[in-house]
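Colleague: Following this message is one structure expressed as structure tokens.
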Amino acid sequence: MKLSKDQIEQLKNFISYKGYREIDVQYEILDHVACKVEDLIEENPKLSLPEAFQKVHASFGIFGFSELEESYKKMIQKRLWGYYWQELKQLFTSYKIIFPIGLLYLFFQSSILLRDSRAWLLMVMVCLLISFAWVVMRYWGKHKKYRKYASYMSSNSVFQITNFGIIVCMQGYSFFYRQEGSQDSLFTQILIGGLLVSIALLFVSIFILPSVLDRSIADTEDLIKVYGES
3 MKLSKDQIEQ
13 LKNFISYKGY
23 REIDVQYEIL
33 DHVACKVEDL
43 IEENPKLSLP
53 EAFQKVHASF
63 GIFGFSELEE
73 SYKKMIQKRL
83 WGYYWQELKQ
93 LFTSYKIIFP
103 IGLLYLFFQS
113 SILLRDSRAW
123 LLMVMVCLLI
133 SFAWVVMRYW
143 GKHKKYRKYA
153 SYMSSNSVFQ
163 ITNFGIIVCM
173 QGYSFFYRQE
183 GSQDSLFTQI
193 LIGGLLVSIA
203 LLFVSIFILP
213 SVLDRSIADT
223 EDLIKVYGES
């Protein structure tokens, strides 16, 4: 038998009641549930839709549909970080690389003019903080629109870079200026090297984060065309 549109909608509501609120997660679970529900009702026509759904849910074990949700979200995360590395590679192999390089050159020149060998680092940190704030403000409106989709909400992992960046900038600046004249120990040199590498990665990442987020939003828009917004 084939389930009607009303029955499909009921199943989707049942899935939502189980705590799976994201629309694309609901449909991902529904793909696995609908066929099993159809088979159960075909075997026993007296079985109601809620009863068939409960049987199918029980067949997934004590964690219910959690494994399906986790598998789907892991796929999204993998795709998202794939976008990140693709955009990073594209940045380093295109003319766009001149923008971060040119900006760093200006920072270094300013450091020479100010006669402070670490002034460039402060400028990089300020640039990062302003850029992170701009990214958050630019995408906050979109966040409200797409928050019902795991495809977009998983991009929050990209925003974690901004949180990490703010921490690195604040702590890094404090550390560099606290360690003046005492940077001879191996541990200090390793820590400074790690901070510089982190700051460099963050500085480059800020040039590609909008592209990564735009690709995530495009994926979500494709899902909205299929599933709708509510």
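Add 2 to the 1-based position in the sequence shown for our numbering, that's all there is to it. Each residue gets a CB set at the ideal place from its N, CA and C atoms; glycine is no exception.
In the DSSP assignment, the alpha helix (DSSP H) including Phe23 goes from what residue to what residue?
Modeller: Here residue 23 is Arg; the residue named in the question, Phe, does not match the sequence. Counting along the chain, Arg23 falls outside any alpha helix (DSSP H), and DSSP gives it neither H nor E.
Colleague: For the putative contact between Phe101 and Phe209, defined by C-beta atoms under 8 Å, what is the C-beta separation to the nearest angstrom?
Modeller: Right, the Cβ-Cβ distance comes to about 6 Å (below 8 Å), so this counts as a contact.
Colleague: Buried or exposed for Val2, please, with buried defined as at least 16 other CB atoms from any protein chain shown within 10 angstroms of its CB.
Modeller: There is simply no residue 2 to check, as the chain begins at 3 and stops at 232 in what is shown.
Colleague: For the region 25-52, list the alpha helix (DSSP H) runs that are entirely contained and at least 4 residues long, ordered along the chain.
Modeller: 25-45, all fully within the region 25-52.
Colleague: If I'm right that Ser207 touches Ser153 with Cβ under 8 Å, what's the distance once you round it to whole angstroms?
Modeller: Contact flag wrong, Cβ pair sits at about 21 Å.
Colleague: My assumption, with CB atoms under 8 Å, is that Val27 sits in contact with Tyr74. Please give the rounded CB distance.
Modeller: About 6 Å separates the two Cβ atoms, so the contact holds.
Colleague: Residues in its own chain within less than 8 Å of Met155 by CB, not counting five upstream and five downstream?
Modeller: Once the five neighbours on either side are set aside, the close Cβ partners of Met155 are Glu24, Tyr148, Arg149.
Colleague: Which residue spans inside the region 94-142 form an unbroken alpha helix (DSSP H) run of at least 4?
Modeller: You should have 100-116.
Colleague: Examine the Cβ distances between the region 44-61 and the region 80-89 and report whether three or more of them are shorter than 8 Å.
Modeller: Cβ pair count under 8 Å is below three, so no.
Colleague: Tell me which same chain residues have a C-beta within less than 7 Å of the C-beta of Tyr29, skipping the five on either side of it?
Modeller: Correct list, in chain order: Tyr229.
Colleague: Inspect the beta-carbon positions of Ile31 and Tyr22 and report whether they are closer than 8 Å.
Modeller: In this structure, Tyr22 lies closer than 8 Å to Ile31 by Cβ.
Colleague: With a CB to CB cut of under 8 Å and the five nearest residues on each side skipped, what residues in its chain are close to Leu42?
Modeller: Taken in chain order, the residues that qualify are Leu49, Ala54, Lys57, Val58.
Colleague: Determine whether the beta carbon atoms of Ser157 and Leu215 lie at a separation below 8 Å.
Modeller: Taking 8 Å as the Cβ cut-off, Ser157 and Leu215 qualify as a contacting pair.
Colleague: Go through its chain and collect everything with a Cβ distance to Phe67's Cβ below 6 Å, but skip five positions before and after it.
Modeller: Ile31.
Colleague: Which two residues bound the contiguous alpha helix (DSSP H) that contains Ser6?
Modeller: Taken as a continuous stretch (DSSP letters only), Ser6 belongs to no alpha helix (DSSP H), as it is neither H nor E.
Colleague: Distance check for Glu223 and Leu124, CA to CA, integer angstroms please.
Modeller: Straight-line Cα distance between these residues: approximately 39 Å.
Colleague: Specify, as a first and last residue, the run of the alpha helix (DSSP H) that Tyr154 falls within.
Modeller: Start and end: 152-155.
Colleague: Starting from Arg217, follow the alpha helix (DSSP H) in both directions and report where the run begins and ends.
Modeller: Residues 211-229.
Colleague: Nearest-angstrom Cα distance between Ile226 and Tyr151?
Modeller: Cα-Cα distance, rounded: 9 Å.
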